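Peer 1: Line by line, the protein sequences are chains R and A.
The C-terminal residue of the first sequence carries number 324 in the numbering used here, and the numbering is unbroken.
The C-terminal residue of the second sequence carries number 1322 in the numbering used here, and the numbering is unbroken.
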Amino acid sequence: MIADVEVACTKVLSRPMKIAIASGKGGTGKTTVATNLAQVAATDGRAVAYLDCDVEEPNGYLFLKPTIQRQQSIDKLLPMVDLGRCTFCGRCSQACRYGAIACVGKQVLVFAELCHSCGGCVLACPADALREVPKPIGELRLGMAGPIRFIEGRLNVGEAMSPPAIRAVKAAVREKGTGTICRNGPDGASHKWCLSPFHSEADLTILDCPPGTSCPVIESIRGSDLVLLVTEPTPFGLHDLKLAVEMVRALKLSLAVVLNRCDIGDDQVRQYCTSQRIAILAEIADDRAVAEAYSRGQLACAAVPSFAGHIRSLLSRLPNGAAR
Amino acid sequence: MKELVVISGKGGTGKTSVVAALASLAGRCVLVDCDVDASDLHLIFEPKVIRREDFTGGSKARIKPGDCTACGKCEELCRFDAIYFDGPGNGRVSRTFRVEAMACEGCGVCVDYCAENAIEFAPALCGQWFVSETRCGPMVHAKLGIAAENSGKLVTQIRRTAQQVALTRGLDLILCDGSPGIGCPVIASLTGASLALFVVEPTVSGIHDFCRVAQLAARLGVPGVLAVNKADLNKKNAEELEETALKHAIVLAGRIPYDRDVTRAQIARKTVVEASDGPAARGIRQVWSVIEEQLRLCAASQASGLVQIVNPRDKQVLALKP
């Protein structure tokens, strides 16, 4: 098979596989592929974890319909000023590269939406007048969708920065019940939370990623064994696929393509993949029955048998499919 | 001057195809592609670039291997897991620390606390933005660098530029193609806009995502109109969607049926209304007539009034706030 996939193959033969489902363009079928892949793999007896990393618009639960067993707040640390101690020297605002804290006269203003929680202002304060307090920016929801472990991050409306929420989702599936959410908290100690029922024993982890090619996507795909880019054979699909391929290659990750609605457009995507030596692991024809099942929140693999066939064949072509 | 921003919450619902068609119908307007990390509008309009500017985002840290004494202070302080102990050795230590540029968020804490002054901190080139000519008027667009951040700042930059272009050309409509989601680029696209057009599909996820982005628009005080795209896919959901919109005080602009002409037009590099007079083109004409009326009623764009926040230390523009 083609180079990229072979690399993934030799790397992961003997260990659990993490597959990120991404795309440059939105609405190409990431969630459809991710949820159906999870369902089909679980039906075939594999231990599957599904992580919804599209924290701005998490949709996976609409199709997998999990029973949520636990909800926890996803917090971001924000500086809080003790005005009794503050000498209004302005070192905090000089230290902040994001313009998130400003010292104006006898006032210190914190702009929560600009703060990256780096802790620089606290370190810079000579009067020990700043401490960090958690502010909820979203919610982590953990549960089971039949045999599938389900983890979703959900950013609160109005919050601008999704990477911290994505980090929380990925931390929640990490081994041995602890995920480091914020390191070096206000008291200097590491902040960890316990996630005992969800310690990682999944042999297939599926990360449903947000669209695009910037920070939220990079945060989502980092550390995965294979990035599956779902695209469609249109000029928009091709253009955004090229951007996504460049991004995945910049991160030095393995990649392959799923061509969805493979019959609606032209042949440019196939030609591009051939010229770039990128494997197309599945070509799925446009099918109104699949779109209608999707519109109702139904898993297409349950509603349309031929679609389940496509997903099963995709699963068998994933690098460690043969290893089992 | 009025500014219409087209958004959707969920991706791939037809924002760009609708924006392109609206530009054909509007005739005189400034086009803006605010979807800077997967911009597609230029594929339809084949813009001729007349002005090109670099966009510099925040700085990124880099450890000079020769100066690093491997004390580990930087790794201890970094909140973004961006520092790794696998850099090359030098005369004093066998391994040094290294910054993973993709993970670095540019907070500069490691730079400030490195006892050896071994960490450089230089602004990174994040992308480019352009002013171009198209057959439907001037267009302001951008290309974010591969794996670059700061897309929200770039969006604000191009919206401000579009305001200037509109003023100098005497155009009174700015038409923005937004990005999916509800995060930083969407907030940057919507803040201070006159009117939002939600392009939504009648699917459970379309409705779910629309509710979130409609809440965001309401919070930012931007009034909205709804166009249901591929409306015939699920009539029941289309009705539910319209009821939901009315509850959010969003005006119904009409339904656009599923039509293969939309993809055909895209392949021919034309807008739907240029290439076809099919059901989708007729639907979009109907939507435009409602939008025109709503644009007369809504407030002028406040994008030019967004204030720059400048870091006093390096005089760099960091963010823009209304």
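Each residue gets a CB set at the ideal place from its N, CA and C atoms; glycine is no exception.
In this text the structure is predicted, and so the values were computed from the model without any measurement.
Going straight from the alpha carbon of P1047(A) to that of S1132(A), what length do you get?
Peer 2: Looking up residue 1047(A) in the second sequence gives position 47. Looking up residue 1132(A) in the second sequence gives position 132. Whole-angstrom Cα-Cα distance: 5 Å.
Peer 1: What in chain A is Cβ-close to K25(R), meaning under 8 Å?
Peer 2: Sequence index remark: in the first sequence, residue 25(R) carries index 25 (1-based). Those within 8 Å of K25(R) in chain A are G1011, G1012, A1038 and D1040.
Peer 1: What is the DSSP secondary structure of K1153(A), counted as helix, strand or coil?
Peer 2: Mapped onto the second sequence, residue 1153(A) falls at position 153. Helix.
Peer 1: At the 8 Å Cβ level, is Y1084(A) part of the contact set with chain R, yes or no?
Peer 2: Walking along the second sequence from the start, residue 1084(A) turns up at place 84. With 8 Å as the cut-off, Y1084(A) does not count as an interface residue toward chain R.
Peer 1: Would you mind working out which of G1009(A), P1123(A), D1033(A) and G1011(A) sits nearest V1019(A), comparing C-alpha positions?
Peer 2: Numbered from its first residue, the second sequence carries residue 1019(A) at position 19. Considering only alpha carbons, the answer is D1033(A).
Peer 1: Since I believe K1230(A) is in contact with E1274(A) (beta carbons under 8 Å), could you give me their beta-carbon distance rounded to a whole number of angstroms?
Peer 2: Residue mapping note: residue 1274(A) aligns to position 274 of the second sequence, counting from 1. Residue mapping note: residue 1230(A) aligns to position 230 of the second sequence, counting from 1. Contact flag wrong, Cβ pair sits at about 20 Å.
Peer 1: Counting along the chain, where does the beta strand (DSSP E) carrying P235(R) start and finish?
Peer 2: Along the first sequence, one-based indexing puts residue 235(R) at 235. Looking at the DSSP string, P235(R) is not in any beta strand (DSSP E); the run it does join, the alpha helix (DSSP H), is P235 to A250.
Peer 1: Since I206(R) and I21(R) should fall inside the 8 Å C-beta cutoff, what is the C-beta to C-beta distance between them, to a whole number of angstroms?
Peer 2: On the first sequence, position 206 is the one that residue 206(R) refers to. On the first sequence, position 21 is the one that residue 21(R) refers to. Confirmed, Cβ separation roughly 7 Å.
Peer 1: Of all the alpha helix (DSSP H) runs that stay within the bounds of the segment 99 to 148 of chain R, which reach a length of 4 or more residues?
Peer 2: Within the segment 99 to 148 of chain R, the complete alpha helix (DSSP H) runs of at least 4 residues are 120 to 124.
Peer 1: Just checking: is the beta-carbon of L251(R) within a distance shorter than 8 Å of some beta-carbon in chain A?
Peer 2: Residue mapping note: residue 251(R) aligns to position 251 of the first sequence, counting from 1. Interface residue, yes.
Peer 1: Can you tell me whether T274(R) is buried or exposed, with buried defined as 16 or more other CB within 10 angstroms of its CB?
Peer 2: Start at 1 with the first residue of the first sequence, and residue 274(R) comes out as number 274. It counts as exposed.
Peer 1: Going along the chain, which residues of the segment 1182 to 1201 of chain A sit with their C-beta nearer than 7 Å to a C-beta in chain R?
Peer 2: Result list: I1182, G1183, C1184 and I1187.
Peer 1: Buried or exposed for G188(R), going by 16 or more other Cβ atoms inside 10 Å?
Peer 2: Start at 1 with the first residue of the first sequence, and residue 188(R) comes out as number 188. Interpretation of G188(R) is limited by its pLDDT of 38, a score under 50 that renders its predicted location unreliable; the figure taken from the coordinates is listed afterwards. It is exposed - the Cβ of G188(R) has fewer than 16 other Cβ atoms within 10 Å.
Peer 1: Kindly identify the DSSP beta-bridge partner or partners of V1200(A).
Peer 2: As a position in the second sequence, residue 1200(A) is number 200, starting the count at 1. Its beta-bridge partners are V1228(A).
Peer 1: Anyone know if the C-beta pair for C121(R) and L130(R) falls short of 8 Å?
Peer 2: Position 121 of the first sequence, counted from the start, is the residue given in the question as residue 121(R). Position 130 of the first sequence, counted from the start, is the residue given in the question as residue 130(R). Closer than 8 Å, so yes.
Peer 1: What first and last residue would you give for the alpha helix (DSSP H) that runs through E1133(A)?
Peer 2: By 1-based counting over the second sequence, the position of residue 1133(A) is 133. Unbroken run through E1133(A) is the beta strand (DSSP E), I1119 to T1134; no alpha helix (DSSP H).
Peer 1: Once you ignore the five residues that flank A1103(A) on each side, which residues in its own chain have a CB closer than 7 Å to its CB?
Peer 2: Numbered from its first residue, the second sequence carries residue 1103(A) at position 103. Excluding sequence neighbours, A1103(A) sits near F1080, D1081 and A1082.
Peer 1: Does the beta carbon of A265(R) come closer than 8 Å to any beta carbon on chain A?
Peer 2: The residue you call residue 265(R) lines up with position 265 of the first sequence. In the sequence on display, residue 265(R) carries Gly and not Ala. True, the Cβ-Cβ gap to chain A drops below 8 Å.
Peer 1: In chain A, what lies closer than 7 Å to F307(R) by C-beta?
Peer 2: As a working mapping, residue 307(R) is identified with position 307 in the first sequence. Those within 7 Å of F307(R) in chain A number zero; the least Cβ separation is about 16 Å.
Peer 1: On the DSSP bridge list, what partners appear for L155(R)?
Peer 2: The residue labelled residue 155(R) in the question sits at position 155 within the first sequence. Looking at the DSSP assignment, L155(R) forms a beta bridge with G138(R).
Peer 1: For G24(R) and E152(R), what's the separation of their Cα atoms in angstroms?
Peer 2: Reading the first sequence from its first residue, position 24 is the one you call residue 24(R). Reading the first sequence from its first residue, position 152 is the one you call residue 152(R). The alpha-carbon atoms of G24(R) and E152(R) are separated by roughly 21 Å.
Peer 1: Would you mind sorting S1289(A) into buried or exposed? The rule is 16 or more other CB atoms within 10 Å of its CB.
Peer 2: To locate residue 1289(A), count along the second sequence from 1; it is residue 289. Result: exposed.
Peer 1: Apart from the five residues on each side of it in sequence, which residues of its chain come closer than 7 Å, Cβ to Cβ, to T32(R)?
Peer 2: Counting from 1 along the first sequence, the entry for residue 32(R) is found at position 32. Excluding sequence neighbours, T32(R) sits near Y294 and A300.
Peer 1: At a Cβ cut of 7 Å, what residues of the segment 59 to 90 of chain R count as close to chain A, listed as they run along the chain?
Peer 2: Those residues of the segment 59 to 90 of chain R that come within reach of chain A (Cβ to Cβ, closer than 7 Å) are N59 and L62.
Peer 1: Would G1108(A) be called buried (16 or more neighbouring beta carbons within 10 Å of its own) or exposed?
Peer 2: Position 108 of the second sequence, counted from the start, is the residue given in the question as residue 1108(A). Buried, by the Cβ-count rule.
Peer 1: Report the rounded CA-to-CA distance for G179(R) versus A1253(A), giving the unit in angstroms.
Peer 2: Taking the first sequence and counting its residues from 1, one reaches residue 179(R) at position 179. Taking the second sequence and counting its residues from 1, one reaches residue 1253(A) at position 253. For G179(R), the predicted structure reports a pLDDT of 35, less than 50, and the residue's modelled location is therefore unreliable. A value from the coordinates is still provided. Cα to Cα, the separation comes out at about 47 Å.
Peer 1: Are at least three pairs of beta-carbons, each pair with one atom in the segment 1145 to 1158 of chain A and one in the segment 304 to 313 of chain R, less than 8 Å apart?
Peer 2: No, they do not touch.
Peer 1: Along chain R, in chain order, which residues have C-beta atoms closer than 8 Å to that of A1148(A)?
Peer 2: For the purposes of this step, residue 1148(A) is taken as residue 148 along the second sequence, with counting starting at 1. Simply S214.
Peer 1: Out of P1065(A), C1078(A) and E1116(A), state which residue places its alpha-carbon closest to the alpha-carbon of R1098(A).
Peer 2: Residue mapping note: residue 1098(A) aligns to position 98 of the second sequence, counting from 1. Closest by alpha carbon: P1065(A).
Peer 1: In this structure, how does DSSP classify F1097(A) when only helix, strand and coil are distinguished?
Peer 2: Here the question's residue 1097(A) lines up with position 97 in the second sequence. Of the three classes helix, strand and coil, the one that applies to F1097(A) here is strand, per DSSP.
Peer 1: What in chain R is Cβ-close to H1141(A), meaning under 9 Å?
Peer 2: Within the second sequence, numbered from 1, the residue matching residue 1141(A) stands at position 141. Within 9 Å Cβ-Cβ: nothing; H1141(A) doesn't reach chain R, min ~13 Å.
Peer 1: Using a C-beta to C-beta distance shorter than 9 Å, which residues of chain A count as neighbours of I218(R)?
Peer 2: In the first sequence, residue 218(R) corresponds to position 218, counting from 1. M1102, A1103, A1147 and E1149, listed in chain order.
Peer 1: Thinking E232(R) and R261(R) are a contact (beta carbons under 8 Å), I'd like their distance in whole angstroms, please.
Peer 2: Here residue 232(R) corresponds to residue number 232 of the first sequence, with the count starting at 1. Here residue 261(R) corresponds to residue number 261 of the first sequence, with the count starting at 1. Indeed, because the Cβ distance is near 5 Å, the residues count as touching under 8 Å.
Peer 1: Nearest to Y50(R) by alpha carbon, out of E159(R), E57(R), D44(R) and Q39(R)?
Peer 2: Taking the first sequence and counting its residues from 1, the one referred to as residue 50(R) is at position 50. Ranking E159(R), E57(R), D44(R) and Q39(R) by Cα distance to Y50(R) puts Q39(R) first.
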